[in-house]
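K.L.:
Residue numbers (our numbering), protein chains in the order written: chain A, 3 to 222; chain B, 29 to 242. Glycine residues also receive a C-beta, built at the ideal position from the N, C-alpha and C atoms. These figures come from a predicted structure and were not determined experimentally.
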């Protein structure tokens, strides 16, 4: 029985963010699904682990940890010596630039892209009316952000430098949905360097594995 | 050793957060004023340092960094062993610090800033405060603080029994909520949140940060 348990549905961007890191670090884990449709995440058993009622949650021995980006940092730190090396950089200065781009993802990339993913990929499935004004606003916002990324990635192979890091990893889940499920793939594919970076990071074994698992899930 | 330069302005929430951290770590710095009200943040010289045109940005020798929460993590790690320990004392404690930093960044920050924007910035720009938006976000913050209340009834600070980056990250935004937004009873109506707020906001470093401005 794996010591590390990750609770959450694979379809959740936050859950796949945490899982991507477990895979990169080759950590043995158990993925325990949480049914959001049945509001399992709001039931007392789950709230005891995560009082905000959100997925995912990680249990590693005595430690219970939530917030996917905190989980990513913890796993990368604890298992630094195994799996993909260098996810946190090789020096304090490199780590600092990685954290900068982690925060850019969290504060600047995530809000507009999450909004678009929810409105364009999920709202129709769940019968929630779309807000076209807000969609247009967020598309413009996201475009402006991607213009900055385009410049950055024209100068640097990965966001924080020459090596893949947790900063790039953190962008995988939202970008996957943008490209595959919103009809707005050209936001990514029309930008030469952003597209090259996306093709590169999404073809990593860890992300391929998550895609396989998602496919298998959708057949159940 | 060159002094750290902080490019920002003294009223800015994110600049204040970084200044407070520098003071906690007893690190000398120089504040170089970049004032968005004057359009400084859109000058090519500033955009060359921070392409997103936000404040603050720091310069530490050759290293230029932006994103206040990222800067905090850098300072806490670089100056470990000096000033206040801001990451706890073990990997598990550090993980909990990061967790509560994420709660601030992902959940607390946005509704709090929306309240501030509606009450302070919208009228400043000639608009009218949307009370319904304020009420909605006050409710959101209230629900979060109910969870903080439960947490702080079992733990002196957010990540454990030690002051950390997670608590520090809440200072500047909460200060404005309580003062210029007049939403102090979000804090004072919750016993443990109130005690926590009293504790962290009376830290000498925080008092120094707010000395010259509101």
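In terms of residues, what are the limits of the beta strand (DSSP E) holding residue 60 of chain B?
P.N.:
Residues 57 to 61.
K.L.:
For the region 88 to 121 of chain A, which residues have a CB atom closer than 9 Å to at least one CB atom of chain B, in sequence order?
P.N.:
Listed by position along the chain: 94, 95, 97, 98, 99, 100, 101, 102, 103, 104, 105, 106, 108, 109, 110, 112 and 113.
K.L.:
Using a threshold of 8 Å, state whether the C-beta atoms of residue 102 of chain A and residue 98 of chain B are closer than that.
P.N.:
Yes.
K.L.:
By the criterion of Cβ-Cβ separation under 7 Å, what are the contact partners of residue 65 of chain A in chain B?
P.N.:
Simply 120 and 123.
K.L.:
Figure out for me which residue from A:178, A:36 and A:89 has the closest Cα to the Cα of residue 9 of chain A.
P.N.:
Measuring from the Cα of residue 9 of chain A, the nearest candidate turns out to be A:36.
K.L.:
Roughly how many angstroms separate the alpha carbons of residue 44 of chain A and residue 34 of chain B, rounded to a whole number?
P.N.:
Going from the Cα of residue 44 of chain A to the Cα of residue 34 of chain B covers about 42 Å.
K.L.:
Any beta-carbon of chain B closer than 8 Å to the one on residue 80 of chain A?
P.N.:
It does; some Cβ of chain B falls within 8 Å.
K.L.:
Check whether the Cβ of residue 72 of chain A lies closer than 8 Å to any Cβ atom in chain B.
P.N.:
Yes, its Cβ sits closer than 8 Å to a Cβ of chain B.
K.L.:
Three-state secondary structure (DSSP) at residue 157 of chain B?
P.N.:
The answer is coil: DSSP assigns residue 157 of chain B none of H, G, I, E or B.
K.L.:
Can you give the beta carbon distance from residue 237 of chain B to residue 44 of chain B, rounded, assuming they're within the 8 Å contact cut?
P.N.:
So it is a contact: roughly 5 Å between Cβ atoms.
K.L.:
Among the residues of its own chain, which have a CB less than 8 Å from the CB of residue 119 of chain A, if the five just before and after it don't count?
P.N.:
Counting only Cβ-Cβ distances below 8 Å, and skipping sequence neighbours, we find 15, 176, 179, 180, 183 and 184.
K.L.:
Assess, as a yes-or-no matter, whether the region 68 to 88 of chain A is touched by the region 127 to 134 of chain B under the definition of 3 or more beta carbon pairs within less than 8 Å.
P.N.:
The answer is yes - the region 68 to 88 of chain A touches the region 127 to 134 of chain B, with three or more Cβ pairs under 8 Å.
K.L.:
Are three or more beta carbon pairs between the region 90 to 99 of chain A and the region 48 to 66 of chain A nearer than 8 Å?
P.N.:
No: the two stretches stay apart, fewer than three of their Cβ pairs being nearer than 8 Å.
K.L.:
Count Cβ pairs between the region 187 to 198 of chain B and the region 120 to 129 of chain B that sit closer than 8 Å; are there 3 or more?
P.N.:
Flag = yes, the region 187 to 198 of chain B and the region 120 to 129 of chain B touch.
K.L.:
Give the straight-line distance between the Cα atoms of residue 13 of chain A and residue 129 of chain A, rounded to the nearest whole angstrom.
P.N.:
Whole-angstrom Cα-Cα distance: 18 Å.
K.L.:
Of the residues that make up the region 76 to 100 of chain B, which ones have a beta carbon closer than 7 Å to any beta carbon in chain A?
P.N.:
From the region 76 to 100 of chain B, only 79, 80, 91, 93, 94, 95, 97 and 98 have a Cβ closer than 7 Å to chain A.
K.L.:
Report the three-state DSSP secondary structure of residue 188 of chain B (helix, strand or coil).
P.N.:
Residue 188 of chain B: coil per DSSP, three-state reduction.
K.L.:
Assuming residue 109 of chain A and residue 28 of chain A form a contact by the criterion Cβ under 8 Å, report the distance between their Cβ atoms to the nearest whole angstrom.
P.N.:
With 8 Å as the limit, residue 109 of chain A and residue 28 of chain A do not qualify as a contact, their Cβ atoms being about 30 Å apart.
K.L.:
What does residue 153 of chain A touch in chain B if you count any residue whose Cβ is under 9 Å from its own?
P.N.:
Going along chain B in sequence order, the residues near residue 153 of chain A (Cβ under 9 Å) are 79.
K.L.:
How would you list, in chain order, the residues of chain A whose beta-carbon sits under 9 Å from the beta-carbon of residue 178 of chain B?
P.N.:
Those are 53, listed as they occur along chain A.
K.L.:
What are the boundary residues of the beta strand (DSSP E) that residue 161 of chain A is part of?
P.N.:
Residue 161 of chain A -> no beta strand (DSSP E), and no H or E assigned at all.
K.L.:
Check the Cβ-Cβ distances between residue 68 of chain A and every residue of chain B, and say whether any is below 8 Å.
P.N.:
Chain B, which has a Cβ nearer than 8 Å to the Cβ of residue 68 of chain A, makes this yes.
K.L.:
Please tell me whether residue 203 of chain A and residue 174 of chain A are closer than 8 Å, where the distance is taken between their beta carbons.
P.N.:
Yes, Cβ-Cβ distance for residue 203 of chain A and residue 174 of chain A is below 8 Å.
K.L.:
Under DSSP, the alpha helix (DSSP H) around residue 181 of chain A begins and ends at which residues?
P.N.:
Looking at the DSSP string, the run of the alpha helix (DSSP H) that includes residue 181 of chain A is 168 to 183.
K.L.:
Quick check on residue 170 of chain A: buried or exposed, where buried means 16 or more other Cβ atoms within 10 Å of its Cβ?
P.N.:
Result: buried.
K.L.:
Tell me, which residues are paired with residue 8 of chain A by DSSP?
P.N.:
According to DSSP, which records beta bridges pairwise, residue 8 of chain A is partnered with A:33 and A:60.
K.L.:
Closer than 8 Å between beta carbons: that is the criterion. Which residues of the region 173 to 201 of chain B meet it against chain A?
P.N.:
Residues 175, 178 and 179.
K.L.:
Do you know how far the Cα of residue 134 of chain A is from the Cα of residue 113 of chain B?
P.N.:
Answer to the nearest angstrom: the Cα atoms are 48 Å apart.
K.L.:
Grab the span of the alpha helix (DSSP H) containing residue 98 of chain B for me, first residue to last.
P.N.:
Here the alpha helix (DSSP H) through residue 98 of chain B covers 96 to 106.
K.L.:
Does the separation of the CB atoms of residue 74 of chain A and residue 19 of chain A fall below 8 Å?
P.N.:
Yes, Cβ-Cβ distance for residue 74 of chain A and residue 19 of chain A is below 8 Å.
K.L.:
Is it the case that the Cβ atoms of residue 36 of chain B and residue 59 of chain B are separated by a distance below 8 Å?
P.N.:
Yes, they are a contact pair.
K.L.:
With 16 other CB atoms within 10 Å as the buried threshold, where does residue 197 of chain B fall?
P.N.:
With 16 or more Cβ atoms within 10 Å of its Cβ, residue 197 of chain B is classed as buried.
K.L.:
Mapping the DSSP letters down to three states, classify residue 90 of chain B as helix, strand or coil.
P.N.:
DSSP places residue 90 of chain B in coil when its eight states are reduced to three.
K.L.:
Counting contacts by CB-CB distance shorter than 8 Å, is residue 150 of chain A in contact with chain B?
P.N.:
So, interface residue.
K.L.:
For residue 147 of chain A, does the count of other Cβ atoms within 10 angstroms reach 16, so buried, or fall short, so exposed?
P.N.:
By the 10 Å Cβ count, residue 147 of chain A comes out buried.
K.L.:
Is residue 32 of chain B helix, strand or coil when you go by DSSP?
P.N.:
Strand, per DSSP.
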